[in-house]
Amino acid sequence: MIDVTVRDEVALITLARPEKLNALTAGMRLDLAAAVRACGRTARGIVVTGAGRAFSAGEDIAEAAGKSLVAEVELFHDLTRAVLETQVPVVAAVNGLAVGGAAEWTLCFDTRIGSPAAEYFLPENHLGLSISNAAGYLLPRLAGGRALRLVLDSARLSAAEAVAAGLLDEIVPAEELVEAAIARVRHWTGPGTATAVHLRLLRPPLAEVERAFEAETEAARHVEKAGLAQAGMTRFLTRRTP
Numbered sequence: 001m002i003d004v005t006v007r008d009e010v011a012l013i014t015l016a017r018p019e020k021l022n023a024l025t026a027g028m029r030l031d032l033a034a035a036v037r038a039c040g041r042t043a044r045g046i047v048v049t050g051a052g053r054a055f056s057a058g059e060d061i062a063e064a065a066g067k068s069l070v071a072e073v074e075l076f077h078d079l080t081r082a083v084l085e086t087q088v089p090v091v092a093a094v095n096g097l098a099v100g101g102a103a104e105w106t107l108c109f110d111t112r113i114g115s116p117a118a119e120y121f122l123p124e125n126h127l128g129l130s131i132s133n134a135a136g137y138l139l140p141r142l143a144g145g146r147a148l149r150l151v152l153d154s155a156r157l158s159a160a161e162a163v164a165a166g167l168l169d170e171i172v173p174a175e176e177l178v179e180a181a182i183a184r185v186r187h188w189t190g191p192g193t194a195t196a197v198h199l200r201l202l203r204p205p206l207a208e209v210e211r212a213f214e215a216e217t218e219a220a221r222h223v224e225k226a227g228l229a230q231a232g233m234t235r236f237l238t239r240r241t242p
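Per the UniProt record's numbering, the sequence shown runs over residues 1 to 242.
Written out as structure tokens, the structure is:
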């Protein structure tokens with residue numbers, strides 16, 4: 001459910017579970033973190049996209065129901081950690097809907113390019129869940145003072161709205177999306193570039209990100225203990241049942 005290919009020395013990681021809108025099971029998150037780390041050692045850069053009409057629906061709530069929310073959140077944290085540990089550019093090619101932890105994962109990427117169909121949806125607050133992927137630190141870096149409202153509103157943003165909020169950097173035609181992302185990586189890693197140095201200087205500091213992980217893990221523990229998380233997931237699954 002994770003497809004890895006190489007184009008022009010750039011690793012293309014595709015979330016390949018389109019029948020479930022690329023919802024991320026625990027196993028997929030483990031495989032995805034491993035793929036990012038492996039590609040970071042061998043490729044000029046990494047592009048991540050989704051198969052079908054979604055980037056990713058985020059956590060597979062049907063699989064996660066009844067499991068430890070803390071463990072689920074920590075798997076998302078390691079996706080962010082894997083990206084920030086690489087020494088090569090990582091680009092999100094957001095081809096459609098990006099939800100929850102998947103949307104928040106892209107916040108640590110070096111740039112986010114969307115198609116006109118791209119959407120960012122942060123539903124956690126109204127599901128009784130808590131944010132993850134160091135979004136408590138990364139979202140204000142991108143969205144500034146709008147970050148809190150985006151989370152409290154459980155905001156769902158169109159591609160244009162995501163650009164205005166700082167979550168996407170640009171929009172390109174759908175048929176050009178992956179190639180545009182690959183071209184961006186190649187432009188940044190051409191002969192004589194000092195990209196690795198600037199990634200170290202300008203990426204979010206890992207120490208700050210790890211502190212955000214700790215706070216978010218504690219938040220997950222709180223909503224789980226309070227019963228908010230299980231109640232929210234039950235409501236979500238009940239609404240989806242025919």
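Beta carbons are placed, not taken as given, at the ideal position from N, Cα and C, and that holds for glycine. Just so you know, these numbers come straight off a predicted model, no measurement behind them.
Let me make sure I understand the geometry here. Which of the options has the alpha-carbon closest to that of residue i?
i	options	result
Phe236	Arg112, Val88, Arg81 and Ala65	Ala65
Glu170	His126, Ala93, Ala34 and Thr217	Ala93
Arg184	Thr238, Gly27 and Val90	Val90
Ala164	Ala147, Leu206 and Pro173	Ala147
Leu75	Ala98, Ala134 and Met1	Ala134
Ala162	Ala180, Leu139, Ile182 and Ala174	Leu139
Ala220	Thr193, Gly136 and Leu69	Leu69
Ala26	Asp8, Asp60 and Thr42	Asp60
Val4	Val88, Glu214 and Asp31	Asp31
Ala174	Ala159, Leu167 and Glu19	Ala159
Leu79	Ala212, Ala11 and Arg37	Arg37
Arg62	Ala23, Asp110 and Arg211	It is Ala, not Arg, that sits at residue 62 in the sequence shown. The shortest Cα separation from Ala62 among Ala23, Asp110 and Arg211 belongs to Ala23.
If I follow the unbroken beta strand (DSSP E) through residue i, where does it start and stop?
i	result
Glu119	Glu119 to Phe121
Ala98	Leu97 to Val99
Val172	Looking at the DSSP string, Val172 is not in any beta strand (DSSP E), and its letter there is neither H nor E.
Val88	From DSSP, Val88 is part of no beta strand (DSSP E); its letter is neither H nor E.
How should residue i be labelled, buried or exposed, when 16 other C-beta atoms within 10 angstroms of its C-beta is the threshold for buried?
i	result
Leu177	buried
Pro242	Model confidence at Pro242 stands at a pLDDT of 39, short of 50, so the residue's coordinates are unreliable and nothing is read from them.
Glu208	exposed
Ala231	exposed
Val197	exposed
Val6	exposed
Asp34	For the record, residue 34 in the displayed sequence is Ala; it is not Asp. Ala34 should be labelled exposed.
Val223	buried
Lys225	exposed
Asp8	exposed
Thr238	exposed
Glu214	exposed
Ile181	The sequence given here places Ala at residue 181; Ile does not occur at that position. Ala181 is buried by the Cβ-count criterion.
Thr42	exposed
Leu202	exposed
Ala229	buried
Gly145	exposed
Gly192	exposed
For residue i, list the residues DSSP reports as bridge partners.
i	result
Glu59	Leu24
Ile13	Val4 and Val48
Gly114	Val94 and Ile171
Ala54	Leu97
For residue i and chain C, any beta-carbon pair shorter than 8 angstroms?
i	result
Arg184	The chain labelled as chain C is not found in the depicted structure, where only one protein chain is given.
From what residue to what residue does the alpha helix (DSSP H) around residue i run?
i	result
Arg203	Arg203 -> no alpha helix (DSSP H), and no H or E assigned at all.
Lys157	Correcting the residue type first, residue 157 is Leu in the shown sequence and not Lys. Not the alpha helix (DSSP H): Leu157 falls in the beta strand (DSSP E), residues Arg156 to Ser158.
Arg149	Ala147 to Leu152
Leu139	Ala135 to Ala143
Glu19	Where Glu19 is concerned, there is no enclosing alpha helix (DSSP H), given that its DSSP letter is neither H nor E.
Leu127	Glu124 to Leu127
Heavy atom of the ligand ZN less than 7 angstroms from the Cβ of residue i, yes or no?
i	result
Gly192	As presented, the structure is devoid of all ligands, the ligand ZN included, so that no description of it is given.
Kindly confirm or deny that the region 11-29 and the region 48-56 touch, where touching means at least three C-beta pairs closer than 8 angstroms. yes
The region 108-126 / the region 147-167 touching (three or more Cβ pairs under 8 angstroms): yes
Contact between the region 97-106 and the region 55-65: three or more CB pairs below 8 angstroms? yes
Count the CB pairs spanning the region 186-203 and the region 123-132 that are closer than 8 angstroms, and state whether there are at least three. no
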